[in-house]
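Residue numbers (my numbering): 453 to 633.
Below is one structure, written out as structure tokens; comments come after it.
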């Protein structure tokens, strides 16, 4: 009789194993990226989504999608810990540009994380509010998003509500998002 671990690797055409948080742009994978991806495939992973956590990693994630079409996809976003790096002149345009590519399948990571002091709560809230319109537009019109809220879900709801009048979002969309917790 097969063990539970053996059954995990049984192939079933009805299921697709997707790594939704592949941190492949981390520099520790620079030397053996190809073997990391191959090991994941050998273990049954068919698709990988590389999350953008900064403008640089978002652009790098898109670059990886071009190197591994059909396997690697990306998400565009600024992680709350990197909120202090937000540049009004560049950030939203880069995120929109990456998100408009077919290889980009999600918005993320964005949200609030007050557990560490890499970016102040005020800065995180400002950056979340700037990403909220983009997040909600794509969340409701194109694909899923990944919004983290490890510290204060009420602050996330407040930030989303402040963007309800954004023409790209619409009040009904923001209200629906906040009502469906």
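Positions of the beta carbon are idealized from the N, C-alpha and C atoms, including for glycine.
| Item | Value |
| --- | --- |
| Residues near residue 576 by beta carbon distance below 6 Å, same chain, minus five either side | 532, 535, 564 |
| Segment contact, 8 Å Cβ cut-off, at least three pairs: the segment 475–493 with the segment 546–555 | no |
| Whole-angstrom distance between residue 499 and residue 557, CA atom to CA atom | 11 Å |
| Exposed unless 16 or more other CB atoms sit within 10 angstroms - verdict on residue 462 | Residue placement at residue 462 cannot be trusted, given a pLDDT of 47 that sits under 50; the coordinates are not used to answer. |
| Coarse secondary structure for residue 498, derived from DSSP in three states | strand |
| Exposed unless 16 or more other CB atoms sit within 10 angstroms - verdict on residue 495 | exposed |
| Length of the line joining the Cα atoms of residue 400 and residue 553 | Residue 400 lies beyond the residue range present for the chain, which begins at 453 and ends at 633; the question has no answer from this structure. |
| Alpha helix (DSSP H) segments (min. 4 residues) lying fully within the segment 511–537 | none |
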